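Residues 0 to 187 in numbering that gives the first Met the number 0 are what the sequence shown lists, from first letter to last.
Cβ coordinates follow ideal geometry from the N, Cα and C atoms, glycine included.
Quantities reported herein were computed from a predicted structural model and do not represent experimental measurements.
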Amino acid sequence: MSILNGQSLLSSALAGLNTTYATLVSAHSSSGKGLTLNDLANVSSNTLLGLGNNYSFLQYLTTNFASLDQDGDGEISASDMNNVMSTMQSKGLTYNEIQALCLNGNVDNSLLSTVLQYFNKIDANGDGRVTSEEITKFSYDVQRYDVEAKYKSFRASNTSLYYNDGVEDDLTSVLDSMRPTLNSNSKS
Numbered sequence: 000m001s002i003l004n005g006q007s008l009l010s011s012a013l014a015g016l017n018t019t020y021a022t023l024v025s026a027h028s029s030s031g032k033g034l035t036l037n038d039l040a041n042v043s044s045n046t047l048l049g050l051g052n053n054y055s056f057l058q059y060l061t062t063n064f065a066s067l068d069q070d071g072d073g074e075i076s077a078s079d080m081n082n083v084m085s086t087m088q089s090k091g092l093t094y095n096e097i098q099a100l101c102l103n104g105n106v107d108n109s110l111l112s113t114v115l116q117y118f119n120k121i122d123a124n125g126d127g128r129v130t131s132e133e134i135t136k137f138s139y140d141v142q143r144y145d146v147e148a149k150y151k152s153f154r155a156s157n158t159s160l161y162y163n164d165g166v167e168d169d170l171t172s173v174l175d176s177m178r179p180t181l182n183s184n185s186k187s
C-alpha cells in the first residue's frame with residue numbers, strides 16, 4: 000500500500016461541496032443570500048448538468064439541511080457553509096460524509112475504499128471522524144507492520160557467517176592460514 004493521502008480526500012469533499020453550494024446559490028437562491036429547502040428541491044436540469052450530474056453534493060445539502068442551517072433561519076447561508084466546512088477541515092469527516100461527498104467525486108477509488116473499510120481503525124481518537132493526519136498515520140502504521148512482519152521471518156540461518164577481512168580472497172586460503180595454529184597446538 001502506498002501512503003494514503005487524506006488531504007486529497009478532504010480537499011475533494013470540501014471543493015465539491017463548496018462548488019455545488021456556490022452554483023446552486025447563483026442559479027436558484029430565492030433570497031440571493033442562501034439556499035432554502037425549497038430551492039434545493041427545485042433545482043433545474045440545466046443546473047444539474049452544470050454540476051456535472053454529480054447529485055451526491057446536492058443530496059448531502061438536502062438530506063442534512065437542518066444540521067447545515069446552523070442558525071435555524073430556514074436557509075443555508077454562506078456563513079453556515081463556512082462554519083460546516085471549517086468544522087470538516089479541522090475535525091475531519093464522518094463515515095456518512097465520506098460516503099456522501101467522496102463517492103462520486105474526484106477521489107482515488109483505492110483511497111476511498113481503504114478509508115471506508117478501515118474507518119474505525121483510522122479514527123484513532125474515536126470521535127467518529129477521520130482527519131487527514133489520522134489517515135496518513137494509519138497508512139504509515141500499516142507499512143511499518145508489513146515491514147516488521149516481512150523481516151520477522153529472517154533467521155540467523157538465512158545469513159552468511161563467513162567473514163572475510165579483505166586480505167584473503169578465497170575461503171580455502173583463510174582456512175589454510177588457520178591450520179598452522181591448529182597444528183602447532185597439537186604438537187605440544
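Could you give the distance in angstroms between the alpha-carbon of residue i and the alpha-carbon of residue j?
i	j	result
residue 25	residue 31	7 Å
residue 181	residue 149	At residue 181 the pLDDT is 49, less than 50, meaning the model places this residue with poor confidence and gives no usable figure here.
residue 15	residue 56	7 Å
residue 118	residue 79	27 Å
residue 10	residue 50	17 Å
residue 76	residue 28	10 Å
residue 60	residue 109	26 Å
residue 19	residue 68	16 Å
residue 112	residue 22	28 Å
residue 6	residue 126	18 Å
residue 134	residue 98	16 Å
residue 116	residue 94	10 Å
residue 144	residue 58	39 Å
residue 35	residue 142	46 Å
Helix or strand or just coil, what does DSSP make of residue i?
i	result
residue 129	strand
residue 33	strand
residue 56	helix
residue 102	coil
residue 51	coil
residue 185	Confidence is the limiting factor: at residue 185 the pLDDT is only 49, short of 50, which leaves the residue's position unreliable and the question unanswerable from this model.
residue 70	coil
residue 139	helix
residue 203	Because residue 203 is not part of the residues shown, which for the chain are 0 to 187, the question remains open.
residue 144	helix
residue 4	coil
residue 63	coil
residue 117	coil
residue 28	coil
residue 21	helix
residue 81	helix
residue 124	coil
When we look at the beta-carbon of residue i and count the other beta-carbons within 10 Å, is it buried (16 or more) or exposed?
i	result
residue 40	exposed
residue 140	exposed
residue 74	buried
residue 33	buried
Since residue i sits in a beta bridge, which residues does DSSP pair it with?
i	result
residue 76	33
residue 92	129
Could you tell me how far apart the beta carbons of residue i and residue j are, in whole angstroms, since I believe they sit closer than 8 Å?
i	j	result
residue 129	residue 91	5 Å
residue 101	residue 8	6 Å
residue 87	residue 17	About 11 Å separates the two Cβ atoms, so there is no contact after all.
residue 151	residue 137	No, residue 151 and residue 137 are not in contact; Cβ-Cβ is about 21 Å, not under 8 Å.
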